[in-house]
Amino acid sequence: WRPRARKTGLEETVFYSEVNTFVSMQAGVVDLTSLVRYQIAQGEIKELKVKIPAGMSVTSVTAPDLATWSFDPESHLLDAILEKPRSDDFTLTVVAQIACEGLPYSVTLGALQVQNASRQRGAIAIAAPDTIQVRVDNIKGLNPMNIEDFSTGAVTMAMSDAARMRGAIGIRRAFRYNQ
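Using the working numbering, you'd call the opening residue of the sequence shown number 1 and step up by one each time.
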């Protein structure tokens, strides 16, 4: 006797997502590095759709077995296609920017929204060098959290890009949310 092999392609897809976003505020630009973790509970997934908040431009997308990606600035939709369907957990890394005019500037940040996820949760950390003052006015839908509790993986990924190392930056505020 042998148990039947699971056919994930025939199952209805059910997945959860966790989005950890590291926001680096610099003079003239806001860099955002988001680690989107997909936890597939049932079925498989090949096409990933993520709604990007208004004002953000996607500059880079990486993931294991990523075939191609495209970002439509009109609909704010990021579409990433994998080479083969996945039925295990994996992480999609999305790098985005918001252009700002000099200092001081005001910017509205939002969380990436994973389309068709059964549940999404996440965290946002805001970092800046000592030369930039950060003021957070409206935290609708966000709960403050200890900055030490923010994902070290997201911080490491954001700091590994030499373009972001324009100066020593530290996390000033951190928030978590559930959708």
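We put the CB at the ideal spot given by N, CA and C, even for glycine.
Query: Counting Cβ pairs closer than 8 Å, one from the stretch 65-74 and one from the stretch 124-133, do we hit at least three?; Result: no
Query: Residues in the same chain with beta-carbon distance under 6 Å from residue 79, minus the five sequence neighbours each way, listed in chain order, please.; Result: 49 and 70
Query: Rounded to the nearest angstrom, what separates residue 178 and residue 135 at their Cα positions?; Result: 23 Å
Query: Are residue 123 and residue 90 closer than 8 Å when you measure CB to CB?; Result: no
Query: Any idea what DSSP makes of residue 89, helix, strand or coil?; Result: coil
Query: Kindly list the residues whose CB is nearer than 6 Å to the CB of residue 113, restricted to its own chain and excluding five residues on each side of it in sequence; keep chain order.; Result: 51
Query: Taking the straight line between their C-alpha atoms, what separation do you get for residue 118 and residue 16?; Result: 5 Å
Query: Determine contact between the stretch 40-47 and the stretch 91-102, defined as no fewer than three beta-carbon pairs at a distance below 8 Å.; Result: no
Query: Which residues share a DSSP beta bridge with residue 71?; Result: 78
Query: Just list the residues that DSSP pairs residue 28 with in beta bridges.; Result: BP columns for residue 28 are empty, so no partner.
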